[in-house]
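Heads up, the thing below is written out as structure tokens.
There are 2 protein chains.
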Amino acid sequence: MPRAPDETPTVHIVDDDAQLGDGLSSLLRSVGLNAKTYGSTAEFLRADNLDSPGCIVLDIRLPGTNGLDFQEGLVKLGIDLPVILMTGHGDIPMSVRAMKAGAVDFLPKPFRDQDMIDAVTAALGRDRQRRASEQHAVAIVDRYATLSPREREVMALVTAGRMNKQIAGELGLSEVTVKIHRGAAMRKMGARSLAELVRMADALKNRTG
Amino acid sequence: MPRAPDETPTVHIVDDDAQLGDGLSSLLRSVGLNAKTYGSTAEFLRADNLDSPGCIVLDIRLPGTNGLDFQEGLVKLGIDLPVILMTGHGDIPMSVRAMKAGAVDFLPKPFRDQDMIDAVTAALGRDRQRRASEQHAVAIVDRYATLSPREREVMALVTAGRMNKQIAGELGLSEVTVKIHRGAAMRKMGARSLAELVRMADALKNRTG
DNA sequence: GCGGTGCTCATACCAAGGTGTGAGCGGATC
DNA sequence: GATCCGCTCACACCTTGGTATGAGCACCGC
Chain A
9 MPRAPDETPT VHIVDDDAQL GDGLSSLLRS VGLNAKTYGS TAEFLRADNL DSPGCIVLDI
69 RLPGTNGLDF QEGLVKLGID LPVILMTGHG DIPMSVRAMK AGAVDFLPKP FRDQDMIDAV
129 TAALGRDRQR RASEQHAVAI VDRYATLSPR EREVMALVTA GRMNKQIAGE LGLSEVTVKI
189 HRGAAMRKMG ARSLAELVRM ADALKNRTG
Chain B
9 MPRAPDETPT VHIVDDDAQL GDGLSSLLRS VGLNAKTYGS TAEFLRADNL DSPGCIVLDI
69 RLPGTNGLDF QEGLVKLGID LPVILMTGHG DIPMSVRAMK AGAVDFLPKP FRDQDMIDAV
129 TAALGRDRQR RASEQHAVAI VDRYATLSPR EREVMALVTA GRMNKQIAGE LGLSEVTVKI
189 HRGAAMRKMG ARSLAELVRM ADALKNRTG
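So the sequence lines, in the order shown, correspond to chains A and B. Counting in this note's numbering, the first sequence runs from 9 upward without gaps. Counting in this note's numbering, the second sequence runs from 9 upward without gaps.
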């Protein structure tokens with residue numbers, strides 16, 4: 009059974025200390041994980057599988073960039089991989105800032121191997137979960153994109169609980185036309201019941217993308 | 009316009025150092041907040057307004073209890089107030105643990121007044137938001153409690169997108185009976201459309217309480 | 001026992017949803 | 001100019017949903 013490369017998660021280790029990165033790498037490989045090391049954030053950003061499953065293990069003290077700033081900037085770059093931070097010279101405010109920004113964990117060096125493995129496991133779990141719900145949301149957005157403007161208007165009112173007659177009134181249409189758009193929306197969205205359509209509409213509202 | 013006592017949030021300060029507690033208290037009062045001090049967790053738990061809006065400022069080093077353990081135990085006690093932790097002798101793992109457990113902030117002593125004010129403001133904001141959605145959820149749960157077992161079964165299948173005919177088949181009923189239960193569920197839940205009922209059903213699923 | 005509640009169903013009627021046929025109009029594309 | 005697409009609507013037909021009337025049965029509490 010061949011597996012798509014997307015399915016094996018990668019742990020991206022960003023640390024300017026090559027020796028430490030290699031040590032981490034072999035530690036993670038020893039428990040069956042895929043690891044890749046980078047000496048700088050720039051090098052990391054050149055990687056090609058940043059949309060694939062995985063997580064980031066990031067040293068705070070890095071040449072050029074601050075690890076915390078980099079972590080907070082990742083979202084803007086469209087990279088949603090969970091982040092684990094580590095540092096040799098950290099303090100409490102740094103760790104709090106990192107956690108507020110959504111870090112999975114914050115490990116002061118030196119850390120125990122098991123703590124890192126636990127953190128990585130948690131991060132990969134979080135990534136898997138995010139991916140699952142994201143995948144679902146993207147499918148809905150894609151289908152929604154095929155709706156005509158009118159169909160979207162009608163769908164909005166239908167999922168708001170309005171009756172066809174009311175929708176016809178609000179949009180200045182005849183009831184038949186509303187039914188046609190409504191049916192088209194159901195078909196294009198792949199909804200087999202009104203309940204499904206309502207949930208899709210809610211999913212569309214709650215997601216930014 | 010008289011205000012219910014519930015509407016003015018209270019900052020609960022739990023610190024065995026009375027002097028520090030009083031200082032904090034006057035700081036918060038100086039910015040127009042309601043503050044109350046407690047010398048121990050036991051004393052705090054005897055307070056009567058733990059269900060009212062507010063937040064907790066908690067010292068980690070406390071007589072008898074560990075602040076972190078106490079924080080994590082609050083949920084089991086049914087207290088959902090946001091927590092701000094402070095400590096004079098903290099380390100990074102402690103702060104990370106606290107943040108993972110949902111703390112709003114973690115302030116090492118000594119901290120700047122403004123940092124505490126910011127943290128409290130954020131905590132009260134979080135509490136207000138939680139309250140708003142909780143209030144909505146509680147109303148739905150209350151109404152759901154008035155449904156008969158059959159009505160709940162029917163509601164579950166209706167909101168799953170099944171047709172009356174299918175529901176009748178699955179439950180071994182006639183279609184008329186399903187319609188009656190369905191109508192009763194709509195009436196008791198106060199839903200004026202199927203879309204509303206679907207959203208209520210989802211709200212019921214996603215909330216524990 | 002009596003009333004209340006929950007559950008069940010038949011019949012009947014009306015409202016609302018869903019689909020198909022057929023058709024006209026305007027804008028974009030080739 | 002022909003074609004495609006989106007939008008519009010009338011007419012007709014059928015399905016599904018919603019409600020009311022009337023009725024029977026079981027259980028519980030007073």
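We put the beta carbon where it would ideally sit given N, CA and C, even for glycine.
Residue pairing for Ile92(A): DSSP places it in a beta bridge opposite Val65(A) and Asp113(A). Counting every other CB atom within 10 Å of its CB across the protein chains shown gives Gln79(B) a total of 16 or more, marking it as buried.
Residue environment: Pro71(B) is assigned as exposed (fewer than 16 neighbouring CB atoms within 10 Å of its CB, all protein chains considered). The beta carbon of Thr185(B) sits no closer than 8 Å to any beta carbon of chain A.
Chain-order list of chain B residues neighbouring Ala203(A): Val166, Thr167, Ala168, Gly169, Leu202 and Val206, by C-beta distance under 8 Å.
Proximity to Asp77(B) across Thr45(B), Gly110(B) and Cys63(B) peaks at Gly110(B), based on C-alpha coordinates. Contact annotation: Val91(B) and Val112(B) have beta-carbon atoms nearer than 8 Å. With a contact defined as Cβ atoms closer than 8 Å, Pro61(B) and Arg136(B) qualify at about 7 Å. Within the same chain, Cβ atoms closer than 7 Å to the Cβ of Ala199(A) are found at Leu205 and Met208, the five residues on either side in sequence being excluded.
At a C-beta separation below 9 Å, Gly75(A) has no neighbours in chain B, since its nearest C-beta there lies roughly 14 Å away. Under the rule that a run must span 3 or more residues, the beta strand (DSSP E) segments found entirely inside the stretch 109–180 of chain A read 113–116. In the displayed model, Asn57(A) falls within coil according to three-state DSSP, outside both helix and strand. Rounded to whole angstroms, Leu41(A) and Pro116(B) show a C-alpha spacing of 36 Å. The Cβ atoms of Leu132(B) and Cys63(B) sit closer than 8 Å to each other. A check of alpha carbon separations from Ser38(A) across Val83(A), Ser141(A) and Val19(A) identifies Val19(A) as the nearest.
Selection Asp24(B), His189(B), Leu181(B) and Met163(B) evaluated against Phe52(B) yields Asp24(B) as nearest (Cα-Cα). Taking 9 Å as the upper bound on Cβ-Cβ separation, chain A lies near no residue of the stretch 61–87 of chain B.
In terms of beta-carbon proximity, Met124(B) stays away from the interface with chain A, with every pair separated by 8 Å or more. Shown here, His97(A) sits in coil according to DSSP, grouped into three states, outside any helix or strand. With respect to Val186(B), Ile175(B) sits close: the two C-beta atoms are nearer than 8 Å. If you look at Thr18(A), you'll find it in the beta strand (DSSP E) that goes Thr18 to Val22. For the stretch 100–111 of chain B, residues whose beta-carbon sits nearer than 9 Å to a beta-carbon of chain A comprise Ile100, Pro101, Met102, Ser103, Val104, Ala106, Met107, Lys108 and Ala111.
Counting only the Cα atoms, Met107(A) lies some 7 Å from Phe114(A). Note: Thr45(A) is bridge-paired with Ile21(A) in the DSSP secondary-structure output. Excluding residues up to 5 positions away in sequence, nothing lies with its Cβ nearer than 7 Å to the Cβ of Pro157(A) in the same chain.
Proximity of Pro116(B) to chain A, defined by a Cβ-Cβ separation below 8 Å, is satisfied.
Within chain B, Ile100 have C-beta atoms less than 7 Å from the C-beta of Gly98(A), given in sequence order.
Taking 7 Å as the Cβ-Cβ cut-off, the stretch 124–154 of chain A has no residue approaching chain B.
Per the C-alpha coordinates, the member of Pro17(A), Tyr46(A) and Arg215(A) positioned closest to Ser141(A) is Arg215(A). For the pair Met94(A) and Leu93(B), the Cα-to-Cα distance works out to about 22 Å. In the DSSP assignment, Asn214(A) falls within the unbroken alpha helix (DSSP H) covering Leu202 to Asn214. Residues of the same chain with a CB within less than 7 Å of the CB of Ile148(A), apart from the 5 flanking positions on each side, are Met208, Ala211 and Leu212 in chain order. For Ser33(B), the enclosing alpha helix (DSSP H) covers residues Ala26 to Ser38. Just so you know, the alpha carbons of Ala127(B) and Arg139(B) end up roughly 18 Å apart. The beta carbon of Asp113(A) falls within 8 Å of a beta carbon belonging to chain B, placing the residue at that interface.
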